[in-house]
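To start, the structure under review is shown below, and the notes come after it.
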Amino acid sequence: MTNITIDFNLKEPLYYQIYKKFVDCINQGILKPEEKIPSKRNLATHLGVSINTIMNAYNQLLDEGYIHAKEKKGYYVTKQEFVSIVKNVTVPENRENQYLYDLTTQTTEENEFSYTNFIKCVKETLTTKDYIKKSPLEGLECLRCAIAEHLKQNRGIYTTPQQIIIGNGIEMLEKIFDIIPCQTFGIENPGYHKLAQMMSSKNIPIEYLAVDDQGVMIPQKSSILYTTSFNQFPTGIKMSISRKKELINWALKNNGYIIEDDFDAEYRIGSVPKTALFSLNPLRVIFFSSFSSTIFAGFRIAYMILPKDLLSKYQNAFKNHSNPVSSLDQLILYHYITKGDYAKHINRLKNKYIKKRKIIFEILNNSAIFQFDQQKNFLSVLVNIDPKISIKDLLHQLFLKRILIKTTGHYSYPLKANHTLILGYTNINEEDLKKVLNILKTELEQTKRD
Numbered sequence: 351m352t353n354i355t356i357d358f359n360l361k362e363p364l365y366y367q368i369y370k371k372f373v374d375c376i377n378q379g380i381l382k383p384e385e386k387i388p389s390k391r392n393l394a395t396h397l398g399v400s401i402n403t404i405m406n407a408y409n410q411l412l413d414e415g416y417i418h419a420k421e422k423k424g425y426y427v428t429k430q431e432f433v434s435i436v437k438n439v440t441v442p443e444n445r446e447n448q449y450l451y452d453l454t455t456q457t458t459e460e461n462e463f464s465y466t467n468f469i470k471c472v473k474e475t476l477t478t479k480d481y482i483k484k485s486p487l488e489g490l491e492c493l494r495c496a497i498a499e500h501l502k503q504n505r506g507i508y509t510t511p512q513q514i515i516i517g518n519g520i521e522m523l524e525k526i527f528d529i530i531p532c533q534t535f536g537i538e539n540p541g542y543h544k545l546a547q548m549m550s551s552k553n554i555p556i557e558y559l560a561v562d563d564q565g566v567m568i569p570q571k572s573s574i575l576y577t578t579s580f581n582q583f584p585t586g587i588k589m590s591i592s593r594k595k596e597l598i599n600w601a602l603k604n605n606g607y608i609i610e611d612d613f614d615a616e617y618r619i620g621s622v623p624k625t626a627l628f629s630l631n632p633l634r635v636i637f638f639s640s641f642s643s644t645i646f647a648g649f650r651i652a653y654m655i656l657p658k659d660l661l662s663k664y665q666n667a668f669k670n671h672s673n674p675v676s677s678l679d680q681l682i683l684y685h686y687i688t689k690g691d692y693a694k695h696i697n698r699l700k701n702k703y704i705k706k707r708k709i710i711f712e713i714l715n716n717s718a719i720f721q722f723d724q725q726k727n728f729l730s731v732l733v734n735i736d737p738k739i740s741i742k743d744l745l746h747q748l749f750l751k752r753i754l755i756k757t758t759g760h761y762s763y764p765l766k767a768n769h770t771l772i773l774g775y776t777n778i779n780e781e782d783l784k785k786v787l788n789i790l791k792t793e794l795e796q797t798k799r800d
C-alpha cells in the first residue's frame with residue numbers, strides 16, 4: 351500500500367486524509383476482502399507521521415467496519431458488498447438564481463424590511479423565557495388573540511381566538527383534506543396552483559375554474575373551493591359581492607367549503623376592507639392568511655380560521671401532533687403585532703410600493719406598445735403588450751439579460767405564456783426597476799420592428 355499519500359498543507363486532519371484514502375481504495379475494489387493492510391508502524395514510517403495518527407485512522411476504519419483486526423496478525427479488509435459510489439454529483443442549477451432582476455411577486459426585497467423594531471421584539475422575547483414552553487396544537491393563545499384583534503381592526507373580520515390555528519405556510523391547509531371528504535377540489539384558473547399539486551398526491555381530482563370580471567366561476571363538481579377573493583392572483587380581479595353570495599349559496603346547497611386566501615389584502619391602496627367570504631358565512635368558509643409574504647419569506651408563520659364544526663374534528667384528528675411553529679417565533683410575532691410595529695411595517699411598505707407603481711406608470715405611459723390597468727393588483731402591474739409581438743422571443747431576450755418576468759399564462763393550466771406581463775416590484779429596488787423597464791421598452795420596440 352505504498353500508494354497512500356497525504357498532503358501536509360491541507361487544513362484537513364492527517365488521520366482523516368489517511369482514513370479517506372483507505373475508504374476509496376476499499377470502495378473502488380483496489381483493496382480486496384481479507385487483504386492485509388500495512389501495520390501501524392510501517393505506514394507511519396512510510397508517511398512520516400506519528401503512530402497515533404495512524405491509530406486514529408485505523409480506529410475510524412474499525413468503527414465503521416471497513417477493516418477488522420486478527421489477533422497477532424494485523425488488520426484486514428472486511429468482506430463487504432461492492433457498491434459503486436457516485437462522486438461529484440452535479441446539482442442542477444436553479445434557473446431563477448441566474449437572474450439579476452426579479453420582477454415576480456414571490457419575495458420582498460431584503461432592504462425593504464425594517465429590522466430595528468423586529469430585533470427589539472426578538473430581544474424582549476428572549477428575556478421572558480416563555481419561549482421555552484411547548485406550544486399547544488392550535489398555537490399560543492396570546493398570538494391568536496392578537497391576530498383576532500388585528501383582523502377586527504384591519505379587515506372587519508370578527509372571530510374568536512379559539513378558531514384560529516397557527517401554522518407555517520399554505521401547506522397547513524393540506525390537513526383540511528384529512529378531516530373533510532373531498533370528491534373534487536376547485537381552484538381558480540389562472541391562479542396559485544400549489545394546493546392543486548398537493549391534491550394530486552392525494553389522488554383528488556382538480557376542477558380548474560375560469561375567472562371572469564366578477565371573480566371565480568361557480569363550481570360544478572367541486573366540494574371544496576380555493577379562491578383569492580380579495581385580489582385574485584394573478585389577474586387582480588376583485589370578487590364582486592354578488593359572486594361572493596353565489597359562492598356562499600353554492601357551499602350551503604352542496605355541503606361544500608370555501609378556502610378563502612386573503613392574498614394581497616394588507617396592501618390595499620386607497621380602499622376600505624372588502625367584505626370577506628368568511629364574514630358572510632363563517633360556517634362554510636375557511637379563512638387563510640400568511641405573515642411570510644408581509645414580513646419576510648424566512649419568517650414562516652401563517653394561520654387559518656376554522657368553522658366551529660371543523661375545529662373539533664381538527665383537534666381530534668391531530669391531537670397527538672405538535673404545532674410546527676416554535677414558541678419563540680410565535681412570541682416574537684405577538685410582540686411585533688401588539689406593539690404596533692407590524693402595522694407600521696405594512697404602512698411603510700405600502701408607501702414604497704406606491705412609489706414604485708408610479709415609476710412604472712411614468713416610464714410606460716408614453717409608449718403605444720403597452721396597455722395597463724392602474725387599479726388591478728397591489729404588488730404588481732399587469733401590462734398587456736401587442737399580440738403581434740412574439741412573447742417567446744421577448745422572454746428569451748429578457749432571459750439573456752438575466753431579467754425574470756412572468757406572464758399571467760405562467761399561472762394557467764395548461765401552462766402557456768400569453769401577452770399579459772406581470773411586473774412585480776416587491777423584490778427590486780427603484781434604480782434597478784427603472785433600468786429593467788427601459789430595457790423592456792427597448793426589447794419590445796426591437797421585437798416589434800423585427
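Residue numbers (our numbering): 351 to 800. Yeah, the Cβ is synthetic: ideal placement off N, Cα and C, and Gly gets one too. As the structure is a computational prediction, the values presented were derived from the model and not from experiment.
Kindly list the residues whose CB is nearer than 6 Å to the CB of residue i, restricted to its own chain and excluding five residues on each side of it in sequence; keep chain order.
{"i": "threonine 403", "result": "Leu364, Tyr365"}
{"i": "glutamate 616", "result": "Thr644, Ile696"}
{"i": "cysteine 495", "result": "Pro511"}
{"i": "isoleucine 354", "result": "Lys371"}
{"i": "valine 731", "result": "Ile710, Phe722, Leu773"}
{"i": "alanine 419", "result": "Tyr425"}
{"i": "lysine 694", "result": "none"}
Beta-carbon within less than 8 Å of residue i's beta-carbon, same chain only, minus the 5 sequence neighbours each way: which residues are those?
{"i": "histidine 543", "result": "Ile537, Tyr761, Tyr763"}
{"i": "serine 400", "result": "Ala394"}
{"i": "asparagine 605", "result": "Ser573"}
{"i": "glycine 759", "result": "Pro540, Leu765, Lys766, Ala767, Asn768, Thr770"}
Tell whether a beta-carbon distance below 8 Å holds between residue i and residue j.
{"i": "leucine 501", "j": "glutamine 680", "result": "no"}
{"i": "proline 584", "j": "leucine 575", "result": "no"}
{"i": "isoleucine 709", "j": "leucine 794", "result": "no"}
{"i": "isoleucine 507", "j": "isoleucine 651", "result": "no"}
{"i": "threonine 455", "j": "leucine 729", "result": "yes"}
{"i": "asparagine 727", "j": "glycine 586", "result": "yes"}
{"i": "threonine 509", "j": "proline 632", "result": "yes"}
{"i": "phenylalanine 668", "j": "lysine 525", "result": "yes"}
{"i": "isoleucine 514", "j": "isoleucine 497", "result": "yes"}
Looking at the unbroken beta strand (DSSP E) that takes in residue i, where does it start and where does it end?
{"i": "isoleucine 574", "result": "574 to 577"}
{"i": "lysine 420", "result": "417 to 420"}
{"i": "isoleucine 682", "result": "Taken as a continuous stretch (DSSP letters only), isoleucine 682 belongs to no beta strand (DSSP E), being part of the alpha helix (DSSP H) at 677 to 688."}
{"i": "serine 639", "result": "635 to 640"}
{"i": "threonine 770", "result": "770 to 774"}
{"i": "glutamate 538", "result": "535 to 539"}
Starting from residue i, follow the alpha helix (DSSP H) in both directions and report where the run begins and ends.
{"i": "aspartate 611", "result": "It is not in any alpha helix (DSSP H) - aspartate 611 instead sits in the beta strand (DSSP E) that spans 607 to 611."}
{"i": "glutamate 499", "result": "491 to 505"}
{"i": "serine 881", "result": "Beyond the ends of the chain as shown, which are 351 and 800, falls residue 881; an answer cannot be given."}
{"i": "serine 730", "result": "Serine 730 -> not in any alpha helix (DSSP H); beta strand (DSSP E) instead, spanning 730 to 735."}
{"i": "tyrosine 366", "result": "364 to 377"}
Taking its Cβ as the centre, do 16 or more other Cβ atoms sit within 10 Å of residue i, making it buried, or is it exposed?
{"i": "asparagine 581", "result": "buried"}
{"i": "arginine 698", "result": "exposed"}
{"i": "methionine 405", "result": "exposed"}
{"i": "glycine 379", "result": "exposed"}
{"i": "isoleucine 417", "result": "buried"}
{"i": "glutamate 414", "result": "exposed"}
{"i": "phenylalanine 468", "result": "buried"}
{"i": "alanine 647", "result": "exposed"}
{"i": "leucine 744", "result": "buried"}
{"i": "asparagine 392", "result": "exposed"}
{"i": "valine 433", "result": "exposed"}
{"i": "glutamine 839", "result": "No answer is possible for residue 839: the residues shown for the chain start at 351 and end at 800."}
Meets three-Cβ-pair contact criterion under 8 Å: the region 533 to 545 and the region 556 to 563: yes
At least three beta-carbon pairs within less than 8 Å, the region 483 to 493 to the region 663 to 680: yes
The region 642 to 658 contacting the region 763 to 773, beta-carbon criterion three pairs below 8 Å: no
At least three beta-carbon pairs within less than 8 Å, the region 745 to 759 to the region 780 to 790: yes
Segment contact, 8 Å Cβ cut-off, at least three pairs: the region 769 to 776 with the region 590 to 605: no
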